[in-house]
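What follows is a single structure, written as structure tokens, with notes after it.
Protein chains: 2
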Amino acid sequence: MASAHESVPQVGLVIVTHGTCGECLLAAAADICGPVSRASTVAVSVHEDFNEIVRRLGRACDEVDEGVGVLILVDVHGSSVFQACLAMIDGTSSIEIVCGVNLPMILKLTTVDRKGLSPPEMAELIKEVGKRSIRLGSELTGKIVMHPEEHR
Amino acid sequence: MASAHESVPQVGLVIVTHGTCGECLLAAAADICGPVSRASTVAVSVHEDFNEIVRRLGRACDEVDEGVGVLILVDVHGSSVFQACLAMIDGTSSIEIVCGVNLPMILKLTTVDRKGLSPPEMAELIKEVGKRSIRLGSELTGKIVMHPEEHR
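Take a look at the structure:
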């Protein structure tokens, strides 16, 4: 039996990257946790025309937007790809951007409540998950890492 | 004329990911900043045998190690892929691991002094670069993100 929650719109996802990293991240998340719904990727080439990036990104956002907005994940802030993401914030929909996308963020997005949170709320959560995921092997295990001078 | 610095060994890099994300990251960094030297990638499939991952990762580390160690970047901590990275810390070489790899880390690795820093020193630097790179679009621009309730 379909629950009422199933008809509630969820926040759309767009991953925008230099090259096809976004597709790889979605595929990896699907392999580990199962498919990510209402998610799209935009692979940008370094020499691509800015207006063309904006046009393709706009189309990707439209495709996944169910009326409650879109969370955009982008690889690098300060790039023209990031500038194209900013162009999506035009007042017609709720959009937030998270820069520095990595796999732990996408894995989290497979379980986060995309029907209950707004794009800005999801972005805050994903930002913290991303930051916490960046750790050293030695921090996580206490294993002693040999320094080169000890190695000689 | 070749400088003395050119013959100084540099820290090797290995990017280990679920699927081919590592290759995409290296290709994107090459497009933006130029090629990353002494770098290798290992693409792991979810169902791959653990010992096979360890074997392939060990070979990748050996390929890039010039005698001063290797920095391994991995996508997710806590995974069997991460466990395979830990198996590289066997006391024979200086190894450090950074979890949660993203593109800003790889871009930084194109300019960092890989001949002057040890793997643990590089790892600390790359960890901080990675964490700082994870930011919200609204933080970076001050643009107001529309909330859904305002949108209706």
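Protein sequences, first through last, are from chains A and B. To convert, note that position 83 of the first sequence is 83 in this note's numbering; the numbers rise steadily by one, no gaps. Take any residue in the second sequence, note its place counting from 1, add 1000, and you have its number in this note's numbering. Beta carbons: idealized from backbone N, C-alpha and C, even for Gly.
| Asked | Found |
| --- | --- |
| For cysteine 24 (chain A) and alanine 1002 (chain B), the rounded distance between their alpha carbons | Note on alanine 1002 (chain B): pLDDT 47, under 50, position unreliable in the model; no value is reported. |
| Beta bridge counterpart(s) of serine 1040 (chain B) as assigned by DSSP | B:Val1014 |
| Residue environment, serine 93 (chain A), which counts as buried when at least 16 other CB atoms sit within 10 Å | buried |
| Own chain residues within Cβ distance below 6 Å of cysteine 61 (chain A), not counting five before or after | Val14, Val70, Met88 |
| Three-state secondary structure (DSSP) of valine 1081 (chain B) | helix |
| Contact set for glutamine 83 (chain A): own chain, Cβ-Cβ below 8 Å, skip 5 residues either direction | Phe50 |
| Distance between beta carbons of glycine 130 (chain A) and methionine 105 (chain A), contact taken as under 8 Å | 5 Å |
| C-beta contact flag for proline 120 (chain A) and glutamate 139 (chain A) at 7 Å | no |
| Chain-ordered residues of the stretch 1028–1046 of chain B with a beta carbon less than 8 Å from chain A | Ala1028, Asp1031, Ile1032, Ser1045, Val1046 |
| Assumed close pair cysteine 1021 (chain B), cysteine 21 (chain A) - CB separation to whole angstroms, cut-off 8 Å | 6 Å |
| Whether valine 1042 (chain B) touches valine 1074 (chain B) by CB criterion (7 Å) | no |
| Closer than 7 Å to chain B by CB, alanine 123 (chain A) | yes |
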